[in-house]
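Residue numbers (the UniProt record's numbering): 7 to 725.
First comes the structure, then the notes that go with it.
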Ligand code: SF4
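Laid out in structure tokens, this is it:
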């Protein structure tokens with residue numbers, strides 16, 4: 007407390023999965039400053055450009071232009087939305103849900119939620135769908151972000167649990183960064199890694215990326231692979247390590263299964279063959295294999311470059327193969343480490359907030375798990391029919407199978423691939439509800455009912471970051487306008503539905519605050535791999551952020567998993583992932599001769615609904631452009647800034663060309679953030695504009711159902 011009306015509140019940055027602690031300073035009812043929390047173990051006081059400008063995004067004049075402040079309803083599609091009261095809004099939604107379920111069955115409803123919701127919000131959304139409405143059609147934009155990491159971990163290590171921690175940065179001899187522009191996408195982790203290297207000058211970094219990114223520029227060795235050739239590279243590295251006797255045969259024998267089949271497969275993956283498949287020089291592949299095989303501790307860091315792929319699970323599994331073959335796991339500085347994109351993709355997985363999951367890492371496909379969750383919730387059963395994943399949900403709505411879409415804290419009309427289909431879905435659905443903090447998103451014009459949600463600085467709950475660390479999110483000011491907390495909106499709707507579907511029975515939603523939701527969630531984790539029964543709000547208040555597992559009676563969480571060499575599989579052994587390398591889902595060809603890759607900018611976040619409100623965050627990159635190498639600019643006879651038409655099989659965009667030497671020839675790059683306001687595009691006549699995702703493909707990983715947002719084939723011509 008600094009003065010009578012000035013206060014400081016500890017909370018967490020709402021942007022990326024690093025999960026930095028922030029201290030919010032308020033004066034009266036206004037957030038006036040934010041700084042890094044020096045005691046938070048993720049960032050020790052540091053913040054990147056996005057985190058350090060959070061207070062500016064909450065300024066009253068910015069909020070007045072960007073926030074959704076009142077419940078609103080459209081009399082008909084295309085009409086202006088008019089403010090209504092909360093009672094009318096909640097009654098409208100609960101009645102429409104009940105009517106839809108009664109007329110068409112529960113699977114006519116789809117809930118599309120977000121990795122930016124807090125764990126408590128996620129928990130009640132999941133329970134509403136699976137426990138009350140009777141549908142598993144609840145999926146999240148984390149499907150676009152981390153679902154390949156989930157299925158990769160489960161297929162190999164047996165559980166969806168990153169086995170490493172940020173402290174491992176300091177102990178690693180080799181850091182293998184693959185499919186991640188860490189310097190821009192997770193800036194505070196990049197600073198931690200720079201510190202580690204400064205303290206340990208012998209530490210080497212290998213960066214695998216089709217582009218010469220800012221992270222690649224910092225590497226000791228940059229492997230500039232062809233897009234989508236990750237598995238070929240990992241198999242080639244394993245071939246060499248086997249040839250050179252650099253694998254750990256004792257670890258493989260004692261702690262793994264399935265090695266023989268993989269060993270036979272990679273026999274053909276010679277340096278020459280790997281060089282052909284990846285576009286790399288043979289000597290660089292040999293160097294990488296020798297560095298990995300000769301290092302005492304190897305830490306791999308990976309993100310969307312592996313996950314956003316039609317072979318996302320196989321990408322993850324093939325990388326983890328290298329750790330298992332060399333025994334590089336369960337020790338300080340060693341292990342595979344998926345960097346979470348969104349702030350709470352981990353928390354959403356923990357409560358089972360995906361179409362194929364149940365609470366506390368239980369599987370929907372397991373009858374025993376369904377029975378456990380039904381007993382915990384006090385319902386007769388949890389439906390067995392698999393829910394529709396993100397892409398499937400919108401395809402089902404476009405086909406008329408899903409009739410009511412409830413979208414929360416995400417912007418599918420910008421962020422999902424193949425916008426023509428997504429927009430057809432939003433137009434065809436009989437009722438679209440958007441629960442959002444911001445009024446300005448591309449999805450808002452499609453909504454029949456808009457529910458204003460509270461946001462960072464206003465809400466209470468918890469999030470889990472990339473290293474399994476749970477932090478509290480705390481309110482510093484009252485919610486803007488009539489906005490309410492997401493969990494409370496869900497509970498209010500649920501209670502109204504219960505009056506119609508479960509009259510006279512005890513409510514399944516007896517919550518007074520976020521803490522009571524949290525307490526029910528942690529009770530569901532008892533005995534599970536992520537047991538957090540010992541992690542009360544009071545303990546988090548007293549001892550600060552903690553890693554899971556944290557069972558009742560524990561005094562601290564577990565920093566590193568699998569130190570004893572036992573894995574949570576039926577036989578206690580980790581499993582090798584045996585699969586052949588395949589090309590991208592949409593290889594370039596004569597008609598579409600460029601590979602288009604996508605990625606983040608340093609100073610923007612996702613669809614820019616928050617970062618896009620600040621002029622200063624456009625200082626580094628002013629607007630959308632397609633980056634091409636000098637050779638391709640010359641071949642297309644393009645001058646800097648000249649407009650080009652970029653066409654894929656699904657749509658086209660017109661935007662300026664920019665010379666960017668990060669690209670190899672026949673490759674192009676567009677930052678993912680730009681939407682309809684900032685790009686000129688055309689879908690298939692469904693909607694006039696659709697941003698970069700007018701181009702991207704919905705082709706997805708068969709196990710994870712994560713779409714290949716990182717690559718599609720395009721042609722480029724002067725506009
Ligand atoms: Fe926020 Fe991520 Fe930046 Fe940390 S690194 S301040 S969590 S955006």
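From the three backbone atoms N, C-alpha and C, an ideal C-beta is built for every residue, glycine too.
On a predicted model such as this, the values are computed, not experimentally measured, just so you know.
Just to check, is the beta-carbon of residue i closer than 7 Å to a non-hydrogen atom of the ligand SF4?
i           : result
residue 57  : yes
residue 49  : yes
residue 172 : no
residue 54  : yes
residue 309 : no
residue 479 : no
residue 804 : Since the first and last residues shown for the chain are 7 and 725, residue 804 lies out of range.
residue 25  : yes
residue 151 : no
residue 21  : yes
Could you tell me which of the options sits nearest to residue i, measuring between CA atoms?
i           : options               : result
residue 333 : 262, 360 and 284      : 262
residue 121 : 58, 360 and 305       : 360
residue 667 : 614, 112, 220 and 236 : 220
residue 321 : 242, 587 and 195      : 587
residue 236 : 194, 186, 247 and 202 : 186
residue 226 : 584, 176, 210 and 347 : 210
residue 346 : 89, 522, 280 and 195  : 195
residue 622 : 609, 402 and 563      : 609
residue 342 : 348, 323 and 351      : 323
residue 201 : 289, 50, 214 and 90   : 50
residue 419 : 680, 65 and 47        : 680
residue 703 : 656, 252, 661 and 675 : 656
residue 240 : 218, 403, 264 and 281 : 281
residue 296 : 98, 46 and 212        : 212
residue 562 : 573, 325, 571 and 550 : 550
residue 319 : 161, 127 and 78       : 161
residue 604 : 306, 555, 698 and 348 : 698
residue 63  : 171, 466 and 20       : 20
residue 269 : 285, 283 and 243      : 243
residue 522 : 468, 73, 35 and 533   : 468
residue 214 : 310, 508 and 653      : 310
residue 400 : 175, 423 and 152      : 423
residue 478 : 498, 718, 126 and 589 : 126
residue 540 : 260, 303, 629 and 559 : 559
residue 598 : 83, 674 and 455       : 674
residue 176 : 536, 340, 488 and 611 : 340
Please report the Cβ distance between residue i and residue j, rounded to the nearest whole angstrom; I am assuming they are in contact, meaning their Cβ atoms lie under 8 Å.
i           : j           : result
residue 530 : residue 382 : 5 Å
residue 615 : residue 447 : 5 Å
residue 464 : residue 483 : 6 Å
residue 417 : residue 449 : 5 Å
residue 568 : residue 357 : That pair is no contact at about 24 Å.
residue 602 : residue 720 : 5 Å
residue 606 : residue 631 : Not quite, the Cβ-Cβ distance comes to about 15 Å (not below 8 Å), so this is no contact.
residue 331 : residue 247 : 7 Å
residue 395 : residue 149 : 5 Å
residue 538 : residue 556 : 5 Å
residue 701 : residue 659 : 6 Å
residue 124 : residue 498 : Actually they do not touch by this definition, with Cβ atoms about 17 Å apart.
residue 6   : residue 77  : Residue 6 lies beyond the stretch modelled for the chain, which goes from 7 to 725, so this question has no answer here.
residue 350 : residue 393 : Actually they do not touch by this definition, with Cβ atoms about 20 Å apart.
residue 18  : residue 32  : The pair is not a contact, with the Cβ atoms about 16 Å apart (cut-off 8 Å).
Can residue i be considered in contact with the ligand NAD, in the sense that its beta carbon sits closer than 7 Å to one or more heavy atoms?
i           : result
residue 194 : Summarising the ligand content, the structure contains the ligand SF4 and does not contain the ligand NAD.
Exercise. Quick one: any contact between the stretch 155-163 and the stretch 275-291, if contact means 3 or more CB pairs under 8 Å?
Worked result: no
For this session: Could you tell me whether the stretch 37-45 touches the stretch 358-377, where touching means 3 or more Cβ pairs closer than 8 Å?
Result: no
Exercise. Is it true that the stretch 471-478 meets the stretch 415-435, where meeting means three or more beta-carbon pairs spaced less than 8 Å apart?
Worked result: no
For this session: Specify whether the stretch 102-117 and the stretch 410-422 touch according to this definition: at least 3 beta carbon pairs, one from each stretch, less than 8 Å apart.
Result: yes
Exercise. Does the pairing of the stretch 19-38 with the stretch 53-62 give three or more beta-carbon distances under 8 Å?
Worked result: yes
For this session: Could you tell me whether the stretch 575-585 touches the stretch 701-715, using the rule of 3 or more Cβ pairs below 8 Å?
Result: no
Exercise. Is there contact here, the stretch 176-190 with the stretch 302-320, by at least three beta-carbon pairs under 8 Å?
Worked result: yes
Exercise. Is the number of C-beta pairs between the stretch 635-642 and the stretch 86-97 that are closer than 8 Å three or more?
Worked result: no
Exercise. Hey, is the stretch 646-660 in contact with the stretch 385-397, meaning 3+ C-beta pairs nearer than 8 Å?
Worked result: no
Exercise. Should the stretch 135-155 be called in touch with the stretch 503-516, which here means at least 3 C-beta pairs below 8 Å?
Worked result: yes
Problem set entry | Touching by the beta-carbon criterion (3+ pairs, under 8 Å), the stretch 250-260 and the stretch 174-183 | no
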